[in-house]
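In the working numbering, the protein residues as written are 1 to 121.
Read the structure below first, then the notes.
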Amino acid sequence: GFSGPNCATAYKFDLSGSNTGKCNVNGACFSSLNYGNDEECTFTVSESGALDVISFNIFSSLDFLTVGDVRYWKSGPQGLIVTAGEEIIWYSNFANTDTGFEICLVDPCIATDSPSDDGSD
């Protein structure tokens with residue numbers, strides 16, 4: 001693939017929260033896989049793009065991912081456009097867990113098949 005400066009290594013999300021538990025940020029992805037109880041994480045988007053849901057298994061509506069004003073628990077926010085500075089909030093309650101979620105930002109660095117692409121767009 002073609003990549004511009006730091007495309008593969010730049011973190012697209014910043015993680016914060018009162019109990020980050022299994023919450024993780026890795027490159028263009030954020031996740032809480034095999035999440036625990038009472039997790040409360042905020043993933044702040046650092047680069048605009050579309051969300052690509054890799055996996056999404058939430059036990060019930062008592063555990064949820066909030067993007068904008070929408071709570072997701074049955075299925076993830078596939079294809080949703082997020083903008084830099086937007087906060088994605090994950091919350092799990094005190095009981096029952098599941099395999100959790102992994103969601104990536106579609107990498108703008110490989111969004112074209114032009115060999116001359118330098119990743120600047």
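The C-beta atom is built at its ideal place from N, Cα and C for all residues, glycine as well.
Quick check on the burial criterion: 16 or more other C-beta atoms within 10 angstroms. Buried or exposed for residue i?
i, result
"A28", "buried"
"D14", "exposed"
"I81", "exposed"
"D63", "buried"
"S32", "buried"
"G49", "buried"
According to DSSP, residue i sits in a beta bridge with which residue or residues?
i, result
"W90", "C41 and L65"
"S32", "C23 and F101"
Check this for me: beta carbons of residue i and residue j, under 8 Å apart or not?
i, j, result
"S60", "N96", "yes"
"V70", "F43", "no"
"F94", "L65", "no"
"A84", "V53", "no"
"E47", "G21", "no"
"G76", "F56", "yes"
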